[in-house]
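In the numbering used here, the protein residues as written are 41 to 199. Beta carbons are placed, not taken as given, at the ideal position from N, Cα and C, and that holds for glycine. For reference, the structure discussed in these notes is given below.
What follows is the structure in structure tokens.
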């Protein structure tokens, strides 16, 4: 998978996408809204079992209470955690559909460096052209198709 000005090039086609509001950066920092440049392996896939069937056999269901730590000062930084969790985090089981299907990248994972950014995912977009907080986002049906085509450790290249 290669990010280009036309979208992500993957499996012989271009998939329209949006990236972080801060564009692409080589100096990713927590909260900057930028998508980190580099070669990122896809290391996991999460999905909402109450909203869709398991997309691939290695997908892990998002359960109530599943969170992702974005607290740069905590030992669980940039890892999936469970509620109750008193530190800064993102809720994975959202009311909106953005995280119904989430491909996890290895950006700053699994041994995160404090403040280098967390939760760099591939997920559903809000609408075409609407930027993310640093993730790469796709149309719902495209994300489902991509999930069916990737394999563990498929790479996302952000030049």
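Buried/exposed call for residue i, threshold 16 Cβ in 10 Å
i: residue 153; result: exposed
i: residue 150; result: exposed
i: residue 113; result: exposed
i: residue 169; result: exposed
i: residue 145; result: buried
i: residue 158; result: buried
i: residue 93; result: exposed
i: residue 70; result: buried
Proximity of residue i and residue j at Cβ, strictly below 8 angstroms
i: residue 80; j: residue 109; result: no
i: residue 189; j: residue 166; result: no
i: residue 41; j: residue 172; result: no
i: residue 133; j: residue 116; result: no
i: residue 187; j: residue 95; result: yes
Span of the alpha helix (DSSP H), counted from its first residue to its last, around residue i
i: residue 180; result: 180–189
Terminal residues of the beta strand (DSSP E) in which residue i lies
i: residue 120; result: 120–122
i: residue 44; result: 42–44
i: residue 98; result: No beta strand (DSSP E) contains residue 98, which DSSP labels as neither H nor E.
i: residue 50; result: 47–50
For residue j and residue i, believed in contact at Cβ under 8 angstroms, the rounded distance
i: residue 63; j: residue 175; result: So it is not a contact: roughly 13 angstroms between Cβ atoms.
i: residue 140; j: residue 88; result: 5 angstroms
i: residue 65; j: residue 76; result: 6 angstroms
i: residue 163; j: residue 142; result: 5 angstroms
Residue i at chain C interface by Cβ criterion, 8 angstroms
i: residue 53; result: Of the chains in the structure shown, none is chain C; there is only one protein chain.
- Complete beta strand (DSSP E) runs within the segment 100–166 (minimum length 3 residues, chain order): The beta strand (DSSP E) runs lying completely inside the segment 100–166 and spanning 3 residues or more are 106–109, 120–122, 129–131, 141–145, 161–164, given in chain order.
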